[in-house]
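This report refers to the structure that appears directly beneath it.
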Amino acid sequence: MKVRFWGVRGSIPSPGPHTMRYGGNTTCIEVRSDDNSLIVLDAGSGIFPLAQQLLKQLPVQANVFITHTHWDHIQGLPFFTPLYIPGNSVRIHGGFDIISGRGIDQIMEVQLQYSYFPVREAEMRAGIEYVTLNIGEPVSVGDATVTPLMLNHPVVNFGYRVDCNGKSVFFTGDHEPWGNIYAPEDEGYAEYQQMVDMQQGQLDRALAGLDVLIADSSYTAAEYPAKVGWGHGTLEGHIAWARRLGVKKLVCTHHEPTRSDDELEQVFAAALASSGYVPGGAGEPEIMLSREGLELVL
Amino acid sequence: MSALTPELERKLGVAVERMPAFPRSVQKILELTRNINCLPKDLVGVVEKDPVMTMKILKVINSAYYGLPQKITSVGQSVVYLGINTIKNLALGFAAVGILPRMNAAGFDIQRYLLHSLVVAGTARQLATQFAKGEVDPGDCYIAGLLHDFGKVVFAQFLAVEFRNALVHSVEHAVPLHEGEKIAIGVDHGPVGAMLAKRWAFPEHLIDCIRDHHNPDAEPSAMMDCLRVADQVVRYREVGDSGNPWRETEAIAAPARFGEDMEALLAQLGTLDKIIDDAMMFAQVGHEK
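Those sequence lines, one after another, are chains A and B. Counting along the first sequence from 1, when you hit position 53 you're at 53 in the working numbering, and nothing is skipped either side. Counting along the second sequence from 1, when you hit position 110 you're at 110 in the working numbering, and nothing is skipped either side.
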């Protein structure tokens, strides 16, 4: 299995001289199973350069998995060029939106309203199929299996675990670890904490034996108190999580759009230091920042 | 037992989905959500005091879509699963439906109903903590208390004429309201509330409690004991009777657990003032007598 990063930025594309090394495109990760089946995790602006790459070998059979429908995870979809070419097939997977009461089938329709985009969905010539996923129910893609797990974000957000011939990778999408909404002195604190612990335990069990964890690490621990409830995690928090899970590799992604490459490296180094991280230490995962073009082979 | 036709069941189920919530919670939700940094616990504090909002949240979280390993009975737990922003959006949606009018064609005062439900909920939780420790989750007893009479507010909204007749019958013949309902409607509020709870895949023990709280032949449980006796305590204290006043001839529903003397039970239970004061403020009503 191969994993390649095409977009690693959170919230909004952030091109420019300060983001040259890590990249300014929003989230898009290409996963190739052992039989070369194509799994695309999220359709941020990074899906556009991926599309250019895919056009070199037609027809394209793409399996897109949307973690959630916030703009930075879907905004590249109308520019996924294979959608316009007859003979290609694109299967778009995602969750059910409680607020609108609709499945993932609304993802294009909402974006392609005529005042906002010149092409209608009916004019896209590829075979397009929508699959609204159920929590925890795996789907097969070639020789890989993709399992959606419910995480914590302002909208329904699925993390996807991809398993292929004994290797596995999990991408959180946007995720803020569950926290207690009560203060320790409040009456409901203990009961709520029990529910939070249960939820986290359930996720950890679903990630047993995981090789690579790709996690939304938007903030530093110091920045987090001002961002509680925004739906994102921290570098320090995910380092601890990766150790607890015993994964081989942690890739920190969804970089803050205002962070320059230099700043990103500084906060990353500081997080590693404050976590007492020893590269190559016994039982320690390998920890890295995601960047456009980074490729992992599992 | 239910005399409701399948068609009426379906109609009531659909109607309840469009049912407005209580005035105070609608107002509080609108107020809280104007501030982007509103505290999640404050939102939960409002939703869990409103039987309509609580019903609707539990309906979403227990729907087949989530396929959760266990059924959910608390608003707090729904927040853990769905996230506070989703709960906030759902609550805003409920608030947008409008507010339940205080009076209706049935002549049933829904704010006094709310007072009754809230005090029964709080009392059932306290009874569970004191008298059924380890047997039943006090939070479950709270929800059972909050939702046990939901059928009444459904009657008042959607079967107003029949429900008015039931209320009149129970006063004129000095019988409990559920007896009047059986005569005027053909079924009492228990099975109707339970029918909705079942339709929305609520947990079995909660459905049982809602259905059978006036059925003396029902299988007893710690939750049912706490609910029934909480209901009696509240009516005895004349805090809010939800159309069913205390009768001198009534005996404590679960004497094995709570004894036979209501005054002695009240003394053991201690003051309920905080539960009552909070409920009165939220239901926006004064003392009944």
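Beta carbons: idealized from backbone N, C-alpha and C, even for Gly. Computed from a prediction, not measured in an experiment: that's the story for all the values here.
| query | Roughly how many angstroms lie between the CA atoms of LEU207(A) and GLU31(B), to the nearest whole one? | reply | Roughly 40 Å between the two C-alpha positions.
query = Is LYS41(B) closer than 8 Å to ILE47(A) when the C-beta atoms are compared?
reply = Their beta carbons are not under 8 Å apart, which means ILE47(A) does not touch LYS41(B) by this criterion.
request  = Return helix, strand or coil for GLY246(A), following the three-state DSSP convention.
outcome  = Residue state, collapsed to three classes: coil.
Fill in: For ASP97(A), the residue or residues it bridges with in DSSP
ARG102(A)
Hey, how far is the Cα of GLY280(A) from the Cα of LYS248(A)? 11 Å
| query | Taking C-beta to C-beta, are VAL234(B) and HIS116(B) nearer than 8 Å? | reply | yes
The beta strand (DSSP E) with LYS290(B) in it runs from where to where? Any question about residue 290(B) goes unanswered here, given that chain B covers just 1 to 289.
- prompt: Closest by CA to LEU167(B), which one among ASP109(B), GLY193(B), PHE150(B) and ILE87(B)?
  reply: ASP109(B)
Original post:
Mind checking if LEU32(B) is an interface residue toward chain A, Cβ cutoff 8 Å exclusive?
Top reply: It does not; no Cβ of chain A falls within 8 Å.
Residues that CYS28(A) bridges to, as DSSP identifies them: GLY7(A)
key: Cross-strand partners of GLN61(A) (DSSP beta bridge)   = SER89(A)
Quick test of the definition: if touching needs 3 or more C-beta pairs under 8 Å, does the segment 132-150 of chain B touch the segment 45-59 of chain B? yes
Practice item. Quick one: give me the first and last residue of the beta strand (DSSP E) that ALA161(A) is part of. Key: The sequence as given places Arg at residue 161(A); Ala does not occur at that position. It spans 158-164 - the beta strand (DSSP E) in which ARG161(A) sits, taken as one unbroken run.
Cα-Cα separation between LEU58(B) and PHE258(B), rounded to whole angstroms
Going by the C-alpha atoms only, they are around 30 Å apart.
Checklist line | Strand pairing of MET223(B), partner residues [DSSP] | finding: DSSP lists no partner for MET223(B).
Legend entry - Residues near ASN104(B) in its chain [Cβ-Cβ closer than 8 Å; skip 5 each side]: ILE110, ALA156, GLN157 and ALA160
field: THR147(A), buried or exposed, once every other Cβ within 10 Å from all chains shown has been counted against 16
entry: buried
inquiry  = Residues of the segment 37-54 of chain B in Cβ contact with chain A at a cutoff of 7 Å, in chain order, please.
reply    = PRO40, LYS41 and VAL44
What do you reckon, are the CB atoms on ARG91(A) and ASN134(A) nearer than 8 Å?
no
**Asked** Using the beta-carbon count (16 or more within 10 Å), is TYR116(A) buried or exposed?
**Response** exposed
Chain-order list of residues whose beta-carbon lies under 6 Å from that of ALA218(B) (same chain, five-residue window excluded): ASP212
| said: If I measure Cβ to Cβ from ALA15(B) and keep anything under 6 Å in the same chain, skipping five residues before and after, which residues do I get? | reply: So the qualifying residues of the chain are PHE158.
*Please confirm if TRP71(A) has its CB atom under 8 Å from at least one CB of chain B.*
Chain B places no beta carbon closer than 8 Å to that of TRP71(A), leaving this residue out of the contacts.
(Q) What would DSSP say about GLU265(A), mapped onto helix, strand or coil? (A) If DSSP states are grouped into helix, strand and coil, GLU265(A) belongs with the helices.
8 Å Cβ cutoff, LYS274(B) in contact with chain A = no
*Shortest alpha-carbon distance to SER290(A) belongs to which of THR27(A), SER89(A), PHE79(A) and ILE107(A)?*
THR27(A)
So THR123(B) contacts chain A; which residues on that side make the cut at Cβ distance below 8 Å?
Going along chain A, no residue has its Cβ under 8 Å from THR123(B), so there is no contact; the nearest lies around 16 Å.
Three or more C-beta pairs below 8 Å linking the segment 65-81 of chain B and the segment 179-197 of chain A
yes
Worksheet entry | ILE39(A) - containing alpha helix (DSSP H), residue span | Run containing ILE39(A): none in the alpha helix (DSSP H); it sits in the beta strand (DSSP E), 38-41.
For the pair the segment 265-281 of chain B and the segment 122-132 of chain B, tell me if three or more CB-CB distances fall below 8 Å.
yes
Check: Which ranges does the beta strand (DSSP E) cover as unbroken runs of at least 3 residues, wholly within the segment 114-150 of chain B, from first to last along the chain?
Finding: none
Rounded to a whole number of angstroms, what is the C-alpha to C-alpha distance between LEU4(B) and GLU181(B)? Rounded to whole angstroms, LEU4(B) to GLU181(B) spans 12 Å at the Cα level.
- Three-state secondary structure (DSSP) at LYS56(B)? Here LYS56(B) sits in helix by DSSP.
Listing by chain order, which chain B residues have their CB less than 7 Å from the CB of PHE96(A)? TYR65
Could you spell out the range, first to last residue, of the beta strand (DSSP E) harbouring LYS167(A)? 167-171
Three-way DSSP call (helix, strand, coil) for ILE110(B) in this model: helix
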